[in-house]
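Single-structure report; data block below.
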Amino acid sequence: MNIARIQARGQVTIPQEIREACGAAPGADLLFIETGPDTFECRVLPARRTLAEVTARYAANGVAPDLARLREELGADLACDRLPDQAHA
Numbered sequence: 017m018n019i020a021r022i023q024a025r026g027q028v029t030i031p032q033e034i035r036e037a038c039g040a041a042p043g044a045d046l047l048f049i050e051t052g053p054d055t056f057e058c059r060v061l062p063a064r065r066t067l068a069e070v071t072a073r074y075a076a077n078g079v080a081p082d083l084a085r086l087r088e089e090l091g092a093d094l095a096c097d098r099l100p101d102q103a104h105a
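Residue 20 in our numbering is what sits at position 4 of the sequence shown, and the numbering runs on without skipping anything.
Quick look at the structure:
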């Protein structure tokens with residue numbers, strides 16, 4: 017059994033054996049889920065990834081999507097959506 021105390025600023029030190037058991041490293045994000053009255057579950061979230069790391073999963077023939085081109089296309093699409101419809105002018 018491990019006990020931790022909440023400090024004045026809301027900080028808690030998680031005991032080392034708990035951190036090791038759940039793979040929580042410095043900088044990890046934790047998710048707290050209420051599972052009942054006065055009962056919570058804590059989960060260690062996967063490490064955050066950059067957009068480049070995420071899109072690399074969708075590489076075709078070993079070539080990852082061109083993020084700069086995708087940003088330009090998305091920007092152009094958004095700009096077109098915000099412009100008044102010229103066909104009804």
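Virtual Cβ for every residue (Gly too), placed ideally from N, Cα, C.
| Item | Value |
| --- | --- |
| Along the alpha helix (DSSP H) that carries Val70, what are the first and last residues, could you check? | Leu67 to Ala72 |
| What are the boundary residues of the beta strand (DSSP E) that Gly91 is part of? | No beta strand (DSSP E) holds Gly91; the alpha helix (DSSP H) holding it covers Leu83 to Arg98. |
| For Arg59, which residues from the same chain have a beta carbon less than 6 Å from its beta carbon, with the 5 sequence-adjacent residues on both sides left out? | Leu47 |
| Tell me the rounded alpha-carbon separation between Ala63 and Gly91. | 28 Å |
| Taking the C-alpha atoms as reference points, what is the distance between Gln27 and Asp82? | 42 Å |
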